[in-house]
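Asks: All residue numbers for the sequence shown refer to the UniProt record's numbering, where the first residue is 1 and numbers rise by one.
Glycine residues also receive a C-beta, built at the ideal position from the N, C-alpha and C atoms.
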Amino acid sequence: MADRLQFKEKLAGVLALAEDQNGKITVDEVEKYFEEDGLSQEQMNLVCDYLLSMKIAVIGYKQAGGTVKEAENEEQQPLSPDEQKYVEEYLRSLGDMNEETPEEVRMAYYLPKVVEEAVRLHHPEVFIGDMIQEGNIVLMLALKEIQKEKDEEEILEQIRAGMLAALESQTEVKRRDHKMVEKVTELDETIKSMKEEYGRKVSVDEVADRLGISEDEIEDILKLAGEEVKDEE
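(1) Please report how far the alpha carbon of Gly66 lies from the alpha carbon of Leu167, in whole angstroms.
(2) What's the gap between the Cα of Glu189 and the Cα of Ile218?
(3) Tell me which residues share the same chain as Asp205 and place their Cβ nearer than 6 angstroms to its Cβ, disregarding the 5 neighbours each side in the sequence.
(4) How many Å lie between Tyr50 and Gly95 at the Cα?
(5) Could you name the residues of the same chain whose beta carbon sits closer than 8 angstroms to that of Glu103, not counting the 5 residues immediately before and after it, in chain order?
(6) Quick check on this structure: which residue in Glu89, Arg92, Glu19, Lys32 has the alpha carbon closest to the alpha carbon of Leu52?
(7) For the segment 78-91 and the segment 126-140, state whether three or more C-beta atom pairs, one from each stretch, are separated by less than 8 angstroms.
(8) Compute the Euclidean distance between the alpha carbons of Thr26 and Lys113, then round it to the nearest angstrom.
(9) Using only CA atoms, which one of Val138, Ile221, Lys62 lies nearest to Thr185?
(10) For Tyr33 and Leu187, I'd like the C-alpha separation in whole angstroms.
(11) Tell me which same chain residues have a C-beta within less than 7 angstroms of the C-beta of Ile132, skipping the five on either side of it?
(12) Would residue 277 and Lys55 qualify as a contact pair, given that the criterion is a beta-carbon distance under 8 angstroms?
(13) Buried or exposed: where does Glu100 fall if 16 or more other Cβ atoms within 10 Å of its Cβ makes it buried?
(14) Alpha carbon to alpha carbon, how far is Lys8 from Leu15?
(15) Going by DSSP, name the residue or residues bridged to Thr185.
(16) Out of curiosity, what's the CA-to-CA distance linking Ile59 and Ala108?
(17) Going by the beta-carbon positions, is the gap between Asn136 and Leu156 smaller than 8 angstroms?
(18) Please state whether the Cβ-Cβ distance between Met163 and Glu134 is less than 8 angstroms.
(19) Which runs of the alpha helix (DSSP H), 4 residues or longer, sit entirely within the segment 25-105?
(20) Can you give me the C-alpha to C-alpha distance between Ala57 and Leu17, rounded to a whole angstrom?
(21) Need the endpoints of the alpha helix (DSSP H) that Asn136 sits in, please.
(22) Measure the C-alpha to C-alpha separation of Glu72 and Leu121 and round it to an integer number of angstroms.
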C-alpha cells in the first residue's frame, strides 16, 4: 500500500461500492478490489471488519476477530426472559400470515429461519428483536434478487451476513460510547485531583501535560461529553 491516504481512499471506495449494492458485498469482490495492493489475510480481515462496522453485509466472510464472532465458534448466548417472550410471541404471529400467493408462501417459509439465525447469532448487547427485523429486511431484498426456489443457502448466507453487519455496527457504537465515558471520567478525576493538589483551578494545558496528551485531545474529549471547551479559571 503506497501510503495511509491511499488506503483510506480505497476503503472509502469499497464502502461506496457496497452501498451501491444495497449495503452488501462478497468477500471475492473485496479481494478483487484490493488485488493490486498485496494485502495480507490479516489486512483483508481488517477491511472486512471495517465494512461490518459500517453496517455492510460481507457475504462469505467468517469473522475471526473484532467484537462479534459467529455462534458456531463460541458458546451460544442465552436469551433474556424478555427476549424469549418476544421470540415466542413473534413466532405465534407468523401463524396468522397469508399464504395465498407463491411470494407469500416463500416468505412464510423463510421467516422462521430468520428467527433461527437471529437466536444462533444472538449477542447480549443487541436485542433479539432488532436482529430479527434486520434479518427480515435482508430477506425481503434477497427474495427479490434471488428467484430460484433452490437457492436457500445463498439466501440464508445473505441473512447471516446482514445480521453480523448489524451486530458489529451496534456493538461498535456501544464500544465507542463506553470508551468516551472512560475518557471523560479520567479527565474529570484528573482535574479534581489537580485542583486539590494545587489549591486552585487548572488550565487545559496543565491537564494535558499531566495526562500526557495534547490540548486538542482534551478539547475533543470535552466536545464528546458535550462540555464547553475552556480553561479552568
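Replies: With the given structure in hand:
(1) In the sequence shown, residue 66 corresponds to position 66, counting from 1. In the sequence shown, residue 167 corresponds to position 167, counting from 1. Low confidence applies to Gly66: its pLDDT is 47, below 50, so where it sits in the model is not reliable, and the reading given next is rough at best. Spanning the two alpha carbons is a distance of roughly 11 angstroms.
(2) As a working mapping, residue 189 is identified with position 189 in the sequence shown. As a working mapping, residue 218 is identified with position 218 in the sequence shown. When rounded, the distance between both Cα atoms is 13 angstroms.
(3) Reading the sequence shown from its first residue, position 205 is the one you call residue 205. When the five nearest sequence neighbours on each side are left out, the beta carbons in the same chain lying within less than 6 angstroms of the beta carbon of Asp205 are those of Glu215, in order along the chain.
(4) Stepping through the sequence shown from its first residue, residue 50 is reached at position 50. Stepping through the sequence shown from its first residue, residue 95 is reached at position 95. Each residue's alpha carbon lies about 38 angstroms from the other.
(5) In the sequence shown, residue 103 corresponds to position 103, counting from 1. Same-chain partners within the cutoff: Leu143.
(6) By 1-based counting over the sequence shown, the position of residue 52 is 52. The shortest Cα separation from Leu52 among Glu89, Arg92, Glu19, Lys32 belongs to Glu19.
(7) yes
(8) Counted from its first residue, the sequence shown places residue 26 at position 26. Counted from its first residue, the sequence shown places residue 113 at position 113. For Thr26 and Lys113, the distance between alpha carbons rounds to 22 angstroms.
(9) On the sequence shown, position 185 is the one that residue 185 refers to. Residue Ile221 is the option with its Cα nearest to Thr185.
(10) Walking along the sequence shown from the start, residue 33 turns up at place 33. Walking along the sequence shown from the start, residue 187 turns up at place 187. Looking at the two C-alpha atoms, the distance is approximately 42 angstroms.
(11) Residue numbering aside, residue 132 sits at position 132 when the sequence shown is read from its first letter. In chain order, Tyr90, Val114, Val115, Ala118 place their CB closer than 7 angstroms to the CB of Ile132, counting only its own chain and leaving out the 5 sequence neighbours on each side.
(12) The chain is shown from 1 up to 233; residue 277 falls before or after that span and cannot be answered.
(13) On the sequence shown, residue 100 is found 100 positions in, with the first residue counted as 1. The residue is exposed, with fewer than 16 neighbouring Cβ atoms inside 10 Å.
(14) Locating residue 8 in the sequence shown gives position 8, counting from the first residue. Locating residue 15 in the sequence shown gives position 15, counting from the first residue. Whole-angstrom Cα-Cα distance: 11 angstroms.
(15) The residue labelled residue 185 in the question sits at position 185 within the sequence shown. In DSSP, Thr185 forms no bridge with anything.
(16) If you number the sequence shown from 1, residue 59 lands on position 59. If you number the sequence shown from 1, residue 108 lands on position 108. Their Cα atoms are separated by approximately 23 angstroms.
(17) Within the sequence shown, the letter at position 136 stands for residue 136. Within the sequence shown, the letter at position 156 stands for residue 156. No.
(18) As a working note, residue 163 is residue 163 in the sequence shown. As a working note, residue 134 is residue 134 in the sequence shown. Yes, the pair counts as a contact, with Cβ atoms nearer than the cut-off.
(19) 27-33, 41-53, 81-94
(20) As a working mapping, residue 57 is identified with position 57 in the sequence shown. As a working mapping, residue 17 is identified with position 17 in the sequence shown. Roughly 12 angstroms between the two C-alpha positions.
(21) Taking the first residue of the sequence shown as position 1, residue 136 is located at position 136. Per DSSP, Asn136 belongs to the alpha helix (DSSP H) from 128-145.
(22) If you number the sequence shown from 1, residue 72 lands on position 72. If you number the sequence shown from 1, residue 121 lands on position 121. Residue placement at Glu72 is flagged as unreliable, the pLDDT there being 44, under the threshold of 50; a coordinate-derived value is accordingly withheld.
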